[in-house]
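Novice: Quick note, this note's numbering runs 1431 ahead of the 1-based positions in the sequence shown. One structure, pasted below without further comment.
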Amino acid sequence: MTETPEAEIAELERRIRSALDRIGAAVEALPAGGAAGVAAGEEVEALREQLADAEALNRRLTERLEGIGARHQTLVTRLEKRIEALAADRDVLAEEVESLRAERDALAEDLRRLEQERRSEIEEMNRILGELEPLVKEVGNA
């Protein structure tokens, strides 16, 4: 599993602090002069090189982290805008659904009313046919 950039940076910062601690300890332990001073001077130079390397690495990591942060912020901003747009779309659709439900309910009520009218008309026609049937039989017999 690869480490996240933040985890890599944290590890490198830990290593830099450790190197700086070693440099500080070596400087404190430097002897006062002589042959040991020459060796110590070489060690100090090596430690200075390590410090310069550590500082360069720290600068690169800081720049990298800033780049990651900027990309992250750009992504967050884009996602927030997309969420706002989707929320607006959802609100429009919710209003449309509510309107369609009201229309459906009105149509269902119209259908119930028309069905009731049809039943009433059928009952009226059956009553009229019932009254006409004896007259038709009379005319047929005459």
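Ideal Cβ positions, reconstructed from N, Cα and C, are used throughout, including at glycine.
Report buried or exposed for Ala1485, applying the criterion of at least 16 other Cβ atoms within 10 angstroms of its Cβ.
Specialist: As a working mapping, residue 1485 is identified with position 54 in the sequence shown. Classification of Ala1485: buried, given that the 10 Å Cβ count is 16 or more.
Novice: Identify whether Glu1435 lies in helix, strand or coil by the three-state DSSP scheme.
Specialist: Locating residue 1435 in the sequence shown gives position 4, where the first residue counts as 1. The residue asked about is misnamed: residue 1435 is Thr in this sequence, not Glu. Thr1435: coil per DSSP, three-state reduction.
Novice: Does the separation of the CB atoms of Ile1514 and Leu1488 fall below 8 Å?
Specialist: On the sequence shown, residue 1514 is found 83 positions in, with the first residue counted as 1. On the sequence shown, residue 1488 is found 57 positions in, with the first residue counted as 1. No, the pair does not count as a contact, with Cβ atoms beyond the cut-off.
Novice: Answer yes if the region 1434–1448 comes into contact with the region 1490–1497, meaning at least three C-beta pairs across the two stretches below 8 Å, and no otherwise.
Specialist: yes
Novice: Taking 7 Å as the limit between beta carbons, can you name the residues of its chain near Ala1457, skipping five residues before and five after?
Specialist: Working through the sequence shown from its first residue, we reach residue 1457 at position 26. Hits under 7 Å: Glu1474, Leu1478.
Novice: Can Glu1511 be considered in contact with the ligand SAH, in the sense that its beta carbon sits closer than 7 Å to one or more heavy atoms?
Specialist: With respect to the ligand SAH, the structure offers nothing, as it holds no ligand at all.
Novice: Could you pull out every residue in the same chain whose Cβ sits closer than 8 Å to the Cβ of Leu1451, ignoring the five residues on either side in sequence?
Specialist: Reading the sequence shown from its first residue, position 20 is the one you call residue 1451. Once the five neighbours on either side are set aside, the close Cβ partners of Leu1451 are Leu1482, Ala1485.
Novice: Residues in the same chain with beta-carbon distance under 6 Å from Glu1581, minus the five sequence neighbours each way, listed in chain order, please.
Specialist: The shown model of the chain, from 1432 to 1573, leaves out residue 1581, and the question about it has no answer.
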